[in-house]
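Protein chains in written order, with the working numbering: chain A, 719 to 946; chain B, 719 to 946; chain C, 28 to 263; chain D, 28 to 263. Just so you know, even glycine gets a beta-carbon here, dropped at the ideal spot from N, CA and C. These numbers come from a predicted model, not from an experiment. See below for the structure under consideration.
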């Protein structure tokens, strides 16, 4: 199956692609893991304010190792910097920002996304494993738009976009847009609509790699990204 | 009736008397009106932190008129000062302090207090009059100890300490101690116990001026205060 | 680029329409956004619901808004005071609806709106007439009242310092309702005494993060409400 | 006189007994009160319930407390991480109960405890396994979950600056859970890097008012948790 896997965007290209959809002036949370990469490709000239669950608005780029400060870390516990205009606040205030729907966009990883926008990204439900949810459930219900950043299929080739999530849910009907290595798919009113598709696949192939029926935007465009 | 009114403590003497019962280190809210006078008699040598509902801990004395700052006022909208060690915070934080039971004592005025500790101090229930409650209901349920500062009787001579409040309640079973011009009365388990009594009255007279049965502390003491 | 500054105060309130719910900061004379309220009077919106701790004093600011007949309903904790004649006469004449809310509950309901909390149980007012008609529930042996969020269409707030991202700091006890109201409105409009460059408010001392602010107008020398009331000023 | 300073760190935790619920501040390595936790290990209390965002890293601080077998139950949002071996082995061996709480709900439940809120409705976790067994309620067409306060017997908090009244300021993102946990415990114990005279923290920049703090101990040069973990330090 792996051999037959179509070559879509690399992970960094996918991060670049998502970054293009973040408008000037947006307040954004980039989830732990892959989504943090999006921060590396925010288009020059846009002022975008990054939120971190642990109590920061206005995060800047990663510092040089010698400038890292262990009291200035992001939600993934990596050192960050502050931009001029940054603000620091406590945990209740930070999640008041999230739950109170003040964020324009959050970008989250996914184990599975269902056609109705259900998201599963915090637990595989494996018995005995240490669970950890962090701020994922708050972000899922809190941001105005929830972008999912994910490989289109698992390493084993199984669809991650499904009719119904088999993993425990993070939130119900929360996902706005799914960005994968193969496609950009909007979730609206319980239906999936492909807005962009990688040149490595055609409609039939993409549908074959997807566990729920796909619709197609009238102006379906190629999913491309520069080498990054 | 007024002619027969026994001469107990003056209002300032009553404020002085209450101040003696506020221990070193206490966090205290002095309600709008009469209770503010208590602040003038806090015993020297005690550090007592005064809270104001509008967002202050560590209020100092009233400033000279020329030093008054309209952005530094107390809950009664009178100019105040800040002691070294003061802190300023927003309204939600201020009432988190109150509701969260962090204050040791609040001193409130009263229209009526019932033998079970019910307090009525915000409305006479007169139809058509503009009502105003402010922070009274929060303070009544929030402070560890609620001291009431009141004349023993109304101007018309009616008891303010009653079997059951006829005025709308501020809080139920909240009053700890009643300080009047004639007596200091503890409210415990739904019963009134006179701890101190003014020399101008005897037990029978005091009971006659009170609308609920009084008990007497074994060590009943005279209620006295210096001329202040 | 994020630049929440607007050129003048009229522009700042230009889209406040009839029927809007407007949260107005301040406690007594501390923190009242008087210039913004006067701009709202000039703007002409009617049938407003206003949320403020008090009911306005003298004949300026909130009292003037009421006196001009623009307010249909007020939500406040303490509309009484010696110079609250305007509120009293409108209320007694039945020209103003009033929802009376304990001060701490008012603050917490605004905070709930801003924090995405659907409702909360408070012991304040349990067993009183202000809990009538509300759901009550015993929790750990204590009676509680269910209270719901208060959301605003707009908030009018006075701050001391602002930057173009909308970060705010407040002066002394003028902070009061500002931080919670900023979070609770769809559009938060701030008059600030001083505008500073980004970073001019150290990140650890920002009180309201800019995410909660939509428009900033600089009013370098705001009127003293106390002096104006003493002088007997009227607006307009 | 109000003087919340205690002479040494052992005295600061001397009355934390078996079975206590201890709120421990910090998010990852930022804000962890590592010296206070080590004093708690020395103190010997067992059967503790610990509330912390994470589950401890390496073999110091919270991880050491777990490794010494002192913790019966943990309440946290994210106990997983690459160097959380201690937590994992205790959890997988069934030697540690875990209550997993979404991070924002954890913060809000602590705040509710400090603010005297009996319970609140949050949309977070509605329809997920973390809402199972909890009361659900639709408010304005959105499903909400009823969440109850989390109270502590003690809180262990790290701050940057403190005065003898207990007023606190925090450094950078080490603030995180400190302010809410300070309000939520019966006894709040703070290790501060610097003690300043009263007034040394300007009133407008106090983050935790002293009313929420009971004991202050100065730890001028707290260990770097990151460095200690990299070195493989163990405690005791």
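Beta carbon of residue i nearer than 8 Å to that of residue j
i	j	result
residue 820(A)	residue 171(C)	no
residue 885(A)	residue 852(A)	no
residue 795(A)	residue 56(D)	yes
residue 47(D)	residue 204(D)	no
residue 868(B)	residue 908(B)	no
residue 211(D)	residue 242(D)	no
residue 142(C)	residue 817(A)	yes
residue 36(D)	residue 66(D)	yes
residue 775(B)	residue 767(B)	yes
residue 150(D)	residue 805(B)	no
residue 129(D)	residue 157(D)	yes
residue 902(B)	residue 913(B)	yes
Unbroken alpha helix (DSSP H) run spanning residue i, endpoints
i	result
residue 108(C)	From DSSP, residue 108(C) is part of no alpha helix (DSSP H); its letter is neither H nor E.
residue 69(D)	61-70
residue 922(B)	921-926
DSSP three-state assignment for residue i, whether helix, strand or coil
i	result
residue 871(A)	strand
residue 748(A)	strand
residue 174(D)	strand
residue 192(D)	coil
residue 35(D)	coil
residue 736(B)	helix
residue 778(A)	strand
residue 116(D)	helix
residue 142(D)	helix
residue 28(D)	coil
residue 759(A)	helix
residue 56(C)	coil
residue 132(D)	helix
residue 814(B)	helix
residue 784(B)	helix
residue 157(C)	helix
Status (buried if at least 16 other CB within 10 Å, exposed otherwise) for residue i
i	result
residue 81(D)	buried
residue 926(B)	exposed
residue 257(D)	exposed
residue 43(D)	buried
residue 720(B)	Low per-residue confidence applies at residue 720(B): pLDDT is 44, beneath 50, and the placement is therefore not dependable enough to give any value.
residue 836(A)	buried
residue 62(D)	buried
residue 110(D)	exposed
residue 838(B)	buried
residue 710(A)	What is shown of chain A runs 719 to 946, which leaves residue 710(A) out entirely.
residue 931(A)	exposed
residue 91(D)	buried
Boundaries (first-last residue) of the beta strand (DSSP E) holding residue i
i	result
residue 856(B)	Run containing residue 856(B): none in the beta strand (DSSP E); it sits in the alpha helix (DSSP H), 854-860.
residue 216(C)	212-222
residue 93(C)	First-last for residue 93(C): 88-94, but that is the alpha helix (DSSP H), not the beta strand (DSSP E).
residue 903(B)	901-906
residue 124(C)	124-127
residue 164(C)	163-166
residue 99(D)	98-103
residue 49(D)	48-51
residue 892(B)	Residue 892(B) -> no beta strand (DSSP E), and no H or E assigned at all.
residue 243(C)	242-245
residue 75(C)	75-78
Residues that residue i bridges to, as DSSP identifies them
i	result
residue 235(C)	195(C)
residue 940(A)	915(A)
residue 885(A)	Residue 885(A) pairs with nothing; no bridge assigned.
residue 877(B)	871(B)
residue 832(A)	880(A)
residue 820(A)	None; residue 820(A) has no bridge partner.
residue 253(C)	According to DSSP, residue 253(C) bridges with nothing at all.
residue 796(B)	Bridge partners of residue 796(B): none, in fact.
residue 764(B)	DSSP output for residue 764(B) lists no bridge partner at all.
residue 770(B)	774(B)
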